[in-house]
Amino acid sequence: MSRRLPWALLAVLVLAQICYPLTDGPARARLTVATVVLGYLLSVGHALLSRGPRGAAALVAVATGGGFAIEAVGVATGVPFGSYDYSGELGPKLAGVPLIIPLAWTWMAWPAWLAAVRLTAPGGTGAPARGRLVVRRVALAAVGLAAWDLFLDPQMVAEGYWRWRDATEALPGLPGVPVSNYLGWLLFAVLLMSALRPLAGPAVAVTDGRDAPMLALYLWTYGSSVLAHAVFLDLPASALWGAAGMGVTAVPLAVVLLRALRHRDDRREPRRAQRSGVDATT
Numbered sequence: 210m211s212r213r214l215p216w217a218l219l220a221v222l223v224l225a226q227i228c229y230p231l232t233d234g235p236a237r238a239r240l241t242v243a244t245v246v247l248g249y250l251l252s253v254g255h256a257l258l259s260r261g262p263r264g265a266a267a268l269v270a271v272a273t274g275g276g277f278a279i280e281a282v283g284v285a286t287g288v289p290f291g292s293y294d295y296s297g298e299l300g301p302k303l304a305g306v307p308l309i310i311p312l313a314w315t316w317m318a319w320p321a322w323l324a325a326v327r328l329t330a331p332g333g334t335g336a337p338a339r340g341r342l343v344v345r346r347v348a349l350a351a352v353g354l355a356a357w358d359l360f361l362d363p364q365m366v367a368e369g370y371w372r373w374r375d376a377t378e379a380l381p382g383l384p385g386v387p388v389s390n391y392l393g394w395l396l397f398a399v400l401l402m403s404a405l406r407p408l409a410g411p412a413v414a415v416t417d418g419r420d421a422p423m424l425a426l427y428l429w430t431y432g433s434s435v436l437a438h439a440v441f442l443d444l445p446a447s448a449l450w451g452a453a454g455m456g457v458t459a460v461p462l463a464v465v466l467l468r469a470l471r472h473r474d475d476r477r478e479p480r481r482a483q484r485s486g487v488d489a490t491t
C-alpha cells in the first residue's frame, strides 16, 4: 500500500493538470490551488513513507517554512525577487503571501532533490571527492527547482495571480517578470538544497526504486509544461526558456533512467532464454 499511494496521488495530480487548460476564471484558480495541495501531499507523503519522519520534517522545515519566510520578506521588501504583489485569487494570505505558495516550493523541491541524487551517484573516494559530489548535487538540485519558475512565473502572471511593479529587466520574450525573480529563486534553491541533506540525514543521500513516482513527477512536470506552454497556453517563449533551463536536470535524468531500463532488460533476456531451454527439456 505504501508503494502504491504515491502512484495513486501522482495519477490524480496528472489528471488535474490535464484539466487546467480546459478551465478558466475562478474555476482555474480553484484548480490551481487544488493541484498545489495535491503536489504537496504527494511529495511530503512520499518523503514520509520512504525516508521516515526525519526526512519529511526536514523537507517541510526547509521548503515549506523557508519558502514562506523568503516569500514574506520578498513581498515586504522586494528582496531577493523584486517588488511584487499577490492577487486574492489563490486563497488565504499570511503576511501578504498566499498559503499555497510555500506548498508549491515543497511540491517541486523534493523531486528536484531526488533527481539530483539519482544523477550524482558517488564517483570517487576520499573527502575531496565527497565535497565535489555535495557541491554538484546541490547545484543540480537547485537548478532543477529554480528553472521550474521559467514555466511557472510567466504562466501565473498571465493569469493575474501576481504582478511585478517593475519588470524592465526581463528575459527576451518573457515580459512582466524581472530577471531578479529567477536569480532570487536560484539563490533560495541553493540555500534550501544545502540545508536539506544535513537536516534530513543520510537517508536522503541515496535513491532507489521507491523514488520512481517522484522521478516520474519531475519528468512529467517538464514534458507537460513544455507542451502546455507551447500549444495550449500561448506562451511559446516560456516553453523555450523552461525547456532549456529545466532540461539541465530533466534531460540527463531521462537518459539515465532509459539506460537503466535497457540494462535491466538486457540482464533479464539471458534468464528468459535459460528458462525457455529448461522448459524445452522437461
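So the sequence shown is residues 210 to 491, counted in my numbering.
Cβ coordinates follow ideal geometry from the N, Cα and C atoms, glycine included.
Computed from a predicted structure; not experimentally measured.
Own chain, CB closer than 7 angstroms to residue i, minus 5 neighbours either side, in chain order
i      : result
ALA225 : LEU240, ALA243, THR244 and LEU247
LEU219 : LEU251, PRO422, ALA425 and LEU426
LEU380 : VAL388 and TRP450
ARG260 : ALA409, ALA412 and VAL413
VAL253 : ALA265, LEU268, VAL269 and THR315
PRO230 : ALA437, PHE441 and LEU442
VAL282 : VAL288
MET402 : TRP322, VAL347, ALA350 and ALA351
ARG439 : Here residue 439 turns out to be Ala, not Arg, going by the sequence shown. Excluding sequence neighbours, ALA439 sits near PRO445 and ALA448.
MET365 : TRP371
ARG406 : VAL413 and ALA414
PRO461 : LEU328
VAL221 : LEU247
Beta-carbon proximity check, residue i vs residue j, cutoff 7 angstroms
i      : j      : result
LEU155 : ALA463 : Any question about residue 155 goes unanswered here, given that the chain covers just 210 to 491.
PRO363 : SER447 : yes
ALA270 : GLY264 : no
ARG345 : THR416 : no
THR458 : ALA355 : no
LEU359 : GLY454 : yes
TRP322 : ALA350 : yes
GLY382 : ALA376 : no
LEU312 : PRO301 : no
Contact set for residue i: own chain, Cβ-Cβ below 6 angstroms, skip 5 residues either direction
i      : result
TRP314 : ALA272 and GLY276
TRP216 : PRO422
ILE310 : GLU280
LEU258 : SER211
GLY335 : Only weak support is given to the placement of GLY335: the predicted model assigns it a pLDDT of 47, under 50, and the value that follows is read from those uncertain coordinates. Correct list: empty, nothing qualifies.
ALA452 : VAL435
ASP420 : LEU323
TYR249 : LEU312, THR315 and TRP316
CB contact below 7 angstroms: residue i versus chain D
i      : result
GLY276 : The structure shown has no chain D; it contains just one protein chain.
Cβ-Cβ separation, residue j to residue i (assumed contact under 8 angstroms), whole Å
i      : j      : result
GLY305 : ALA330 : Going by Cβ atoms, the distance from GLY305 to ALA330 rounds to 42 angstroms, so no, they are not a contact pair.
TRP373 : SER292 : 7 angstroms
GLU298 : ALA238 : 4 angstroms
Spatial neighbours of residue i in its chain, beta-carbon cut-off 8 angstroms, leaving aside the 5 residues before and after
i      : result
GLY234 : none
TRP319 : SER252, VAL253, HIS255, ALA256, LEU268, ALA272 and MET423
LEU214 : GLY254 and LEU258
GLU378 : PRO387, VAL388 and SER389
TODO: Run through the stretch 354 to 411 for me and flag every whole alpha helix (DSSP H) of 4 or more residues, listed as ranges in chain order.
DONE: 358 to 368 and 388 to 409
Task: Cβ contact check for the stretch 393 to 406 and the stretch 363 to 373: 3 or more pairs under 8 angstroms - done: no
Task: Segments assigned alpha helix (DSSP H), at least 4 residues, entirely inside the stretch 408 to 446 - done: 421 to 436
Task: Every unbroken beta strand (DSSP E) inside the stretch 239 to 315 [3 residues or more] - done: 293 to 295
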